[in-house]
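Residue numbers (my numbering), protein chains in the order written: chain V, 2 to 372; chain W, 127 to 284.
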Amino acid sequence: MVEEIGTTTEGDLIINVGPQHPATHGVLHLVITLNGETVKKVEPHLGYIHRSIEKMCESLTYRQFIYVTSRMDYLSSHINNHGCALCVEKGLQIEVPARAQVIRVIMDELTRIASHELWWGAMAMDIGAFTPFFHAFRERESINDIMEETCGARLTMNYMVPGGVMIDIHPNFQKKVKDFIAFYRTKMNESDELLTGNIIFQNRMKGVGLLSKEDAISFGCTGPTARGSGLNCDIRKLYPYEIYNSVTFEEVLETSGDSLARYMVRLREIKQSINIIEQLIDNIPEGDFQAKTKAVLKLPKGEFYSRVETARGEFGVYIVSEGGTTPYRIKFRSPGFANLSALDHMARGSKLGDLVAMMGTLDLVIPDIDR
Amino acid sequence: MFIVKYIKEVWSAIKSLLIGMRRTGYYFTHHKEIITQQYPDNRDTLNLPERFKGEVVMPHDEKNEHRCTGCTACELACPNGTIKVITKFDISPEGKKKKAIDKLVYHLELCTMCNLCVIACPSDAIVMAQTFEHSVFDRSKLTKILNNPGSKIMDGVE
Numbered sequence: 002m003v004e005e006i007g008t009t010t011e012g013d014l015i016i017n018v019g020p021q022h023p024a025t026h027g028v029l030h031l032v033i034t035l036n037g038e039t040v041k042k043v044e045p046h047l048g049y050i051h052r053s054i055e056k057m058c059e060s061l062t063y064r065q066f067i068y069v070t071s072r073m074d075y076l077s078s079h080i081n082n083h084g085c086a087l088c089v090e091k092g093l094q095i096e097v098p099a100r101a102q103v104i105r106v107i108m109d110e111l112t113r114i115a116s117h118e119l120w121w122g123a124m125a126m127d128i129g130a131f132t133p134f135f136h137a138f139r140e141r142e143s144i145n146d147i148m149e150e151t152c153g154a155r156l157t158m159n160y161m162v163p164g165g166v167m168i169d170i171h172p173n174f175q176k177k178v179k180d181f182i183a184f185y186r187t188k189m190n191e192s193d194e195l196l197t198g199n200i201i202f203q204n205r206m207k208g209v210g211l212l213s214k215e216d217a218i219s220f221g222c223t224g225p226t227a228r229g230s231g232l233n234c235d236i237r238k239l240y241p242y243e244i245y246n247s248v249t250f251e252e253v254l255e256t257s258g259d260s261l262a263r264y265m266v267r268l269r270e271i272k273q274s275i276n277i278i279e280q281l282i283d284n285i286p287e288g289d290f291q292a293k294t295k296a297v298l299k300l301p302k303g304e305f306y307s308r309v310e311t312a313r314g315e316f317g318v319y320i321v322s323e324g325g326t327t328p329y330r331i332k333f334r335s336p337g338f339a340n341l342s343a344l345d346h347m348a349r350g351s352k353l354g355d356l357v358a359m360m361g362t363l364d365l366v367i368p369d370i371d372r
Numbered sequence: 127m128f129i130v131k132y133i134k135e136v137w138s139a140i141k142s143l144l145i146g147m148r149r150t151g152y153y154f155t156h157h158k159e160i161i162t163q164q165y166p167d168n169r170d171t172l173n174l175p176e177r178f179k180g181e182v183v184m185p186h187d188e189k190n191e192h193r194c195t196g197c198t199a200c201e202l203a204c205p206n207g208t209i210k211v212i213t214k215f216d217i218s219p220e221g222k223k224k225k226a227i228d229k230l231v232y233h234l235e236l237c238t239m240c241n242l243c244v245i246a247c248p249s250d251a252i253v254m255a256q257t258f259e260h261s262v263f264d265r266s267k268l269t270k271i272l273n274n275p276g277s278k279i280m281d282g283v284e
């Protein structure tokens, strides 16, 4: 008798993965219903790292609330801060100086490379390869050093402020970024040698965790997860912000929709990010790094929404203002939450061991999902 | 034909593994490319960039004078209530009352190093220090008073 997938019957094994499990990269709790070794249902349980960030933001002013968003998707904290700053600027109709726009985009792309590098190492470790983790961290470390020198922090920078960036770039910044790109170009093929071509890796990723384009749309997937299924969803292309419409880069798309496609999208995205940085790093215009703003920011009454493309997908900031110094209501649209919802659909009918590979390619950051 | 295909597949599989092993072997024999830092043994030579946000400090000059006017801009800018400015009134030799800080209390345990207080300060009285080893055995040691005892405001700072 063939049992229907997705229902629990007597004799099914229910196991808990997490909240303390190395493969979930945080406090994600998955309740998995198993028939033998076949996954029948995956139920993510959230709430272990809920900090009520959105509610917290209601008591903070428009300058203060930006730093909290670094603690959501901590691997692309720059881009989160960027989205919040954009939303406040939209409400106040501040024109950001050209220099600040270029610096912001360079920082965003550096963050994207660092985030994808960390994902690459961590995902390889989930699958069982330990060496790539160290290689990924070496590259990421050089980006962190650049960030540390200019922003003063390695992970939670809080560098974006409404109207521009907090401090001007360090005098060494341009040289260091160029050095990094030159160094990175020599090490780029290492990821292919170590992991992509590896036969064990290929067999574990090919055809695993299939997500069709229609499903990606209906689950609200964004970012590399959806682009692996062939969905055009790059916010940098669709709704260009800052100077993204004046730089040339291609939107990376793969059509097969399996774990390997999502993996390849991220690896190719790193190369696109490097292209963008190379176009901009020599052309940082002179001028102010921050627009002149009032000491106390007050958004006019109304609703404001802005979106940016983080390393994981679309990050949206929705602010409702009553005209005061603090927002009346804030809602963040985090990419990880929508991407996680597709996990159950992808995992049904596959083996338990493949579930870890799927979770790895979704690039889940739990504080981003739970907020 | 099946056997030829099978052997080809096996060969390409072995080749892919050997390519990976070559890369691993390269780093096994090239020790100079390893960038691991031996912390905490390298504490003496550790260089942190001057912008590193470690903790908020108030620099004093050799006459034990600081630049803080007690305007509470940092207290208002702080999102977590990390800074508390306790002011007093100094009486100048001419008999005028002048606002000055009594204590600038800084709660390191609440601080998120967001740099907003340093940016907000109009007289550059507080800066970020490059320290990062903050662990102590008693929580009360994390509450710090930034101005030195007996210190007073620098001349010319309004």
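By construction, the Cβ of each residue, glycine as well, lies at the ideal position given by its N, Cα and C atoms.
- For tyrosine 68 of chain V, the C-beta contacts it makes with chain W under 8 angstroms involve Pro205, Thr238, Cys240 and Leu242, in order along the chain.
- Identification of chain V residues near lysine 210 of chain W by a Cβ-Cβ cut-off of 7 angstroms yields none; the smallest Cβ-Cβ distance measures about 17 angstroms.
- Looking at V:Pro328, V:Thr311 and V:Thr327, the one whose alpha-carbon comes closest to that of arginine 334 of chain V is V:Thr311.
- Scanning the segment 219–286 of chain V from its first residue to its last, the whole alpha helix (DSSP H) runs of 4-plus residues come out as 225–228, 236–239 and 260–282.
- At a cut-off of 8 angstroms between beta carbons, isoleucine 161 of chain W contacts chain V.
- Within the same chain, and ignoring the five residues on either side of phenylalanine 138 of chain V in sequence, the residues whose Cβ sits closer than 7 angstroms to its Cβ are Gly122.
- The three-state secondary structure of phenylalanine 174 of chain V, taken from DSSP, is helix.
- Interface with chain V (8 angstroms Cβ-Cβ cutoff): serine 261 of chain W is excluded.
- One thing to note: lysine 210 of chain W has its Cβ within 8 angstroms of the Cβ of valine 231 of chain W.
- Per DSSP, glutamate 304 of chain V is one residue of the beta strand (DSSP E) stretching across 303–310.
- Close CB contacts of isoleucine 212 of chain W within its chain, under the 8 angstroms cut and outside five residues either way in sequence, are with Ile227, Asp228, Lys229, Leu230 and Val231 (chain order).
- The beta carbon of serine 260 of chain V is closer than 7 angstroms to those of Met206, Val209, Gly210, Ala358, Met359 and Thr362 in its chain, skipping five residues each way along the sequence.
- Contact of methionine 254 of chain W with chain V is assigned, a C-beta pair being separated by under 8 angstroms.
- With a 10 Å radius around the Cβ and a threshold of 16 neighbouring Cβ atoms, threonine 62 of chain V comes out buried.
- The beta-carbon distance between phenylalanine 316 of chain V and proline 336 of chain V, rounded to whole angstroms, is 6 angstroms. This is short enough to meet the 8 angstroms contact definition.
- Ranked by Cα distance from valine 182 of chain W, the options W:Ser261, W:Met127 and W:Met239 are led by W:Met239.
- At least 8 angstroms separates the CB of leucine 353 of chain V from every CB of chain W.
- When only Cα atoms are considered, alanine 101 of chain V and glycine 207 of chain W end up about 29 angstroms apart.
- When rounded, the separation of the alpha-carbon atoms in methionine 126 of chain V and threonine 132 of chain V is 8 angstroms.
- DSSP lists V:Gly165 as the bridge partner or partners of glutamine 291 of chain V.
- Beta-bridge pairing by DSSP links isoleucine 16 of chain V to V:Ile33.
- For the segment 68–148 of chain V, not one full-length beta strand (DSSP E) segment reaches 3 residues or more.
- Exclusion of the five residues before and after asparagine 17 of chain V leaves His30, Leu31, Val32 and Ile33 as the residues of its chain whose Cβ lies within less than 8 angstroms of its Cβ.
- For tyrosine 152 of chain W, the three-state secondary structure derived from DSSP is helix.
- Secondary structure at phenylalanine 263 of chain W: coil, using DSSP grouped into helix, strand and coil.
- Measuring C-alpha to C-alpha distances from glutamine 273 of chain V to each of V:Glu251, V:Glu140, V:Glu215 and V:Leu93 identifies V:Glu251 as the nearest.
- For alanine 251 of chain W, the nearest beta carbon of chain V is not closer than 8 angstroms to its own beta carbon.
- Within the model, the alpha-carbon separation for aspartate 264 of chain W versus glutamine 256 of chain W is close to 22 angstroms.
- With its beta carbon at least 8 angstroms from every one in chain W, glutamine 273 of chain V lies outside the interface.
- Residue ranges of uninterrupted beta strand (DSSP E) with 3 or more members, entirely inside the segment 218–245 of chain W and ordered along the chain, are 223–233.
- Under the 8 angstroms Cβ criterion, the segment 105–117 of chain V does not count as touching the segment 50–70 of chain V, having fewer than three qualifying pairs.
- With a beta-carbon spacing of about 27 angstroms, glutamine 280 of chain V and valine 318 of chain V fall beyond the 8 angstroms limit used to define contacts.
- By alpha-carbon distance to isoleucine 201 of chain V, the top candidate from V:Leu232, V:Gly164 and V:Gly129 is V:Gly129.
- When only Cα atoms are considered, cysteine 58 of chain V and glutamate 135 of chain W end up about 57 angstroms apart.
- At a C-beta separation below 8 angstroms, alanine 154 of chain V has these neighbours in chain W: Phe178, Lys179 and Met239.
- At least one CB of chain V lies nearer than 8 angstroms to the CB of isoleucine 245 of chain W.
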